[in-house]
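K.L.:
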Amino acid sequence: MLAIAFPAIDPVAFELGPIVIRWYALAYLAGFVLGWRYCLALARSTPGRPSAEDYDDFLTWAVVGVILGGRIGYVLFYNLPFYLQNPLDALMVWHGGMSFHGGLIGVLGAILLFCWKRGLSPLAFGDLIAAAAPIGLFFGRIANFINGELYGRPAPDVSWAVVFPRDPLQVPRHPSQLYEAFLEGAVLFVLLAILVRMPAVRGRAGMTAGIFFIGYGLSRIIAEFFREPDAQLGFLYAGATMGQLLSVPMVLFGVWLVAQARRRPAAV
1 MLAIAFPAID PVAFELGPIV IRWYALAYLA GFVLGWRYCL ALARSTPGRP
51 SAEDYDDFLT WAVVGVILGG RIGYVLFYNL PFYLQNPLDA LMVWHGGMSF
101 HGGLIGVLGA ILLFCWKRGL SPLAFGDLIA AAAPIGLFFG RIANFINGEL
151 YGRPAPDVSW AVVFPRDPLQ VPRHPSQLYE AFLEGAVLFV LLAILVRMPA
201 VRGRAGMTAG IFFIGYGLSR IIAEFFREPD AQLGFLYAGA TMGQLLSVPM
251 VLFGVWLVAQ ARRRPAAV
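So for the sequence shown, UniProt numbering puts the first residue at 1; every next one is plus one.
#1: Cα-Cα, which of Ala124, Ile72 and Ala133 is closest to Val190?
#2: Alpha carbons only, please: which of Gly126, Phe164 and Arg220 is nearest the one belonging to Phe182?
#3: Could you work out which residue in Leu192, Leu195 and Gly148 is closest to Ser176 when comparing CA atoms only?
#4: For Ala52 versus Ala131, is the C-beta distance shorter than 8 Å?
#5: Can you pull the DSSP bridge partners for Leu178?
#6: Measuring alpha carbon to alpha carbon, tell me which of Tyr83, Glu15, Leu218 and Gln260 ends up nearest Leu246.
#7: Hey, Ala259 and Met207 are a contact pair by Cβ (cut 8 Å); roughly how many whole angstroms apart?
#8: Between Tyr83 and Ser99, what straight-line distance do the alpha-carbon atoms span, to the nearest angstrom?
#9: Output needed for Tyr38: all residues of its chain with C-beta closer than 6 Å, excluding positions within five of it in sequence on either side, in chain order.
#10: What did DSSP end up calling Leu192 once you bin it into helix, strand or coil?
#11: Contact defined as beta carbons within less than 8 Å: I believe Gly13 pairs with Gly140. What is the distance between those atoms, to the nearest angstrom?
#12: Between Ile211 and Gly254, which are expected to be in contact by the criterion C-beta below 8 Å, what is the C-beta distance as a whole number of angstroms?
#13: Taking the Cβ atom as the reference point for each residue, do Gln232 and Asn86 lie within a distance shorter than 8 Å?
#14: Using only the alpha-carbon positions, how far apart do Ile9 and Met92 sit?
#15: Is Thr241 buried or exposed, if buried means 16 or more other CB atoms sit within 10 Å of its CB?
#16: Express the C-alpha separation of Asp127 and Phe213 in angstroms, rounding to a whole number.
#17: List the residues that DSSP assigns as beta-bridge partners of Val20.
#18: Is DSSP giving Gly152 helix, strand or coil here?
#19: By Cβ distance, which residues of its chain are closer than 8 Å to Pro165, with the 5 residues on each side in sequence left out?
#20: Starting from Ser219 and walking both ways along the alpha helix (DSSP H), at which residues does that stretch end?
#21: Can you name the start and end residues of the alpha helix (DSSP H) that Asn86 belongs to?
#22: Could you name the residues that DSSP lists as bridge partners for Arg263?
#23: Go ahead and label Leu104 buried or exposed: buried means 16 or more other beta carbons lie within 10 angstroms of its beta carbon, across all protein chains shown.
#24: What is the DSSP secondary structure of Val162, reduced to helix, strand or coil?
#25: Kindly indicate which residue of Leu113, Trp256, Leu169 and Ile67 has the alpha-carbon position closest to the one of Gly136.
#26: Count the other C-beta atoms from every protein chain shown that fall within 10 angstroms of the C-beta of Tyr74, then say buried if there are 16 or more, exposed otherwise.
#27: Beta-carbon separation of Phe114 and Trp61 under 8 Å?
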């Protein structure tokens with residue numbers, strides 16, 4: 001069987017006495033900070049609102065939305081029977097278990113509430129958040145790889161397959177975390193970075209967000225064909241995984257957003 005050695009990277013980045021800093025936490029931090037700075041740069045490139053100050057004030061809302069929504073989403077979508085029997089474990093986020101789709105719902109709720117309080121257009125505001133989101137996705141998937149979690153399906157004939165230390169079967173597998181980092185992170189970021197600078201896209205509120213929904217949903221559906229499904233769920237309807245089933249509504253919603261945006265004249 002073909003396989004490459006799993007890189008010996010300690011999930012713990014460094015320790016300060018009793019404080020342990022993990023790469024996974026640093027990935028979240030990098031995603032929030034770099035995404036926030038990118039939103040500021042995009043907002044400053046166009047006068048009016050939403051302004052850079054609005055995105056400054058939204059950072060805390062985004063953090064709460066991602067973490068709270070991600071954890072609740074994991075509990076509901078991926079392991080509800082277990083948490084119904086062990087409800088206090090749902091609070092133990094340090095044991096792992098976050099859902100992107102749950103985090104997305106959390107951020108959407110935060111955007112709607114924040115924009116309602118500020119009198120902003122949630123579509124125009126959300127467009128720049130969508131353009132920055134792939135930054136966090138990229139770092140998050142790299143952290144998944146470092147942790148040796150959420151690995152791919154067996155791939156005995158693939159020369160770049162990896163044997164993950166946490167895999168009980170110890171067989172070569174697709175490094176699906178890197179596939180997702182490439183598709184959901186790097187490729188989607190470059191695509192949106194180009195489109196968000198086009199007046200025909202930037203001038204139509206909801207267009208960039210719609211393209212993000214479509215792009216992420218399709219990327220996730222493709223990547224899931226190489227990713228091992230969660231052990232407690234396995235394959236679901238028609239052999240699809242939970243990640244694929246949750247991504248289908250994303251694509252449909254994205255198509256609807258783009259269709260609605262195309263009906264509106266581009267703002268100057």
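Every residue, glycine too, gets a C-beta built ideally from N, C-alpha and C.
P.N.:
For this structure:
#1: Ala133
#2: Residue Arg220 is the option with its Cα nearest to Phe182.
#3: Gly148
#4: no
#5: None; Leu178 has no bridge partner.
#6: Leu246 has its Cα closest to that of Leu218, out of Tyr83, Glu15, Leu218 and Gln260.
#7: The pair is not a contact, with the Cβ atoms about 10 Å apart (cut-off 8 Å).
#8: 15 Å
#9: The residues are Ala132.
#10: helix
#11: Residue identity differs from the one stated: residue 13 is Ala in this sequence, not Gly. The Cβ separation is near 15 Å, so there is no contact.
#12: Indeed they touch by this definition, with Cβ atoms about 7 Å apart.
#13: no
#14: 24 Å
#15: buried
#16: 11 Å
#17: Its beta-bridge partners are Glu15.
#18: strand
#19: Phe6 and Gly148
#20: Met207 to Glu224
#21: From DSSP, Asn86 is part of no alpha helix (DSSP H); its letter is neither H nor E.
#22: None; Arg263 has no bridge partner.
#23: buried
#24: strand
#25: Ile67
#26: buried
#27: yes
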